[in-house]
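Below is one structure, written out as structure tokens, with a few remarks after it.
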Amino acid sequence: MISVIVKVGGSVADRLEVIFRALSKAERAYVIPGGWVFADAVRKVDAGLSPTTSHWMAIAAMNIYGLFIAEVAENYGFSVLEPNEFKEFEKCKRAVVLPYMLLRKYDELPHSWDVTSDSISVWFAHMLGFKEVVKVTAAGGISGEKDILPAVKASDVKSNVVDPYTPELLLKYGINMFVCSPEELKDYILRGRAKGTLIEGR
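See below:
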């Protein structure tokens with residue numbers, strides 16, 4: 003059975019049942035929430051704020067969306083994990099992660115809107131020893147001329163499907179990111195392949 007780090011963004015907030023039904027088939031699954039409308043609210047009041055203040059407000063927004071996600075996730079055997087140490091992941095095989103406290107403790111990422119939950123999910127994968135991250139999004143992947151691209155090198159990514167800092171982190175840590183829709187996630191979990199885009203960082 004597969005073990006995964008999964009970024010769940012706000013664009014799929016109406017399809018959480020589909021996502022967690024698929025993730026319940028994984029041996030281990032840690033969900034990193036996006037910021038959704040809560041991070042959008044931070045952007046709206048960002049004028050005049052320092053990059054550091056808006057950075058931490060946006061990460062706090064991830065915690066809020068994580069609690070929203072947990073309403074569905076708990077029906078599929080997921081707990082809510084708000085860790086202070088990475089060793090806490092050892093006690094929990096399936097969890098929605100509230101990242102604020104751990105990110106405050108380590109604070110290794112730039113304080114910039116170029117760093118969103120996409121980059122944060124890659125950082126979590128690196129810290130936990132995962133070599134691939136799944137991003138579940140309504141876009142279903144990166145669009146090519148006719149259809150979704152099956153693969154693209156991180157160094158060649160020119161798309162707003164992921165934040166600007168994600169390709170840099172994928173290359174730095176040697177991690178891949180697979181981008182797919184909620185409906186394709188089940189095939190990825192059960193078969194290791196699905197329609198979507200593999201962003202190659204290694």
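Just so you know, we're using our numbering here: the sequence shown kicks off at 3 and counts up by one.
Ideal Cβ positions, reconstructed from N, Cα and C, are used throughout, including at glycine.
Would residue i be called buried (16 or more neighbouring beta carbons within 10 Å of its own) or exposed?
{"i": "Asn178", "result": "buried"}
{"i": "Gly143", "result": "buried"}
{"i": "Lys9", "result": "buried"}
{"i": "Gly176", "result": "exposed"}
{"i": "Pro35", "result": "buried"}
Are residue i and residue j closer than 8 angstroms when you measure CB to CB?
{"i": "Ile191", "j": "Ala75", "result": "no"}
{"i": "Ala211", "j": "Val47", "result": "The question about residue 211 has no answer here: the residues shown for the chain are numbered 3 through 204."}
{"i": "Gly12", "j": "Val39", "result": "yes"}
{"i": "Val181", "j": "Val14", "result": "no"}
{"i": "Glu202", "j": "Ala141", "result": "no"}
{"i": "Glu186", "j": "Gly198", "result": "yes"}
{"i": "Ile7", "j": "Phe91", "result": "no"}
{"i": "Ala49", "j": "Arg96", "result": "no"}
{"i": "Leu83", "j": "Cys94", "result": "yes"}
{"i": "Glu29", "j": "Ile4", "result": "yes"}
{"i": "Pro152", "j": "Leu100", "result": "no"}
What number of angstroms, rounded off, separates the C-alpha of residue i from the C-alpha of residue j?
{"i": "Val164", "j": "Tyr108", "result": "23 angstroms"}
{"i": "Val16", "j": "Arg106", "result": "This sequence places Asp at residue 16; Val is not what is there. Spanning the two alpha carbons is a distance of roughly 30 angstroms."}
{"i": "Leu111", "j": "Tyr102", "result": "13 angstroms"}
{"i": "Met59", "j": "Ser119", "result": "13 angstroms"}
{"i": "Val44", "j": "Ala63", "result": "8 angstroms"}
{"i": "Asn86", "j": "Met129", "result": "13 angstroms"}
{"i": "Arg195", "j": "Asp189", "result": "6 angstroms"}
{"i": "Phe70", "j": "Glu134", "result": "25 angstroms"}
{"i": "Trp115", "j": "Val159", "result": "18 angstroms"}
{"i": "Leu173", "j": "Gly37", "result": "24 angstroms"}
{"i": "Gly79", "j": "Phe22", "result": "9 angstroms"}
Checklist entry - Do three or more CB pairs link the segment 168-177 to the segment 118-137 at distances below 8 angstroms? => result yes
Next on the checklist: Could you tell me which whole alpha helix (DSSP H) segments of length 4 or greater appear in the segment 55-110?
Outcome noted: 102-108
Next on the checklist: Just to confirm the assignment: which complete alpha helix (DSSP H) runs, minimum length 4, are found wholly within the segment 119-145?
Outcome noted: 119-130
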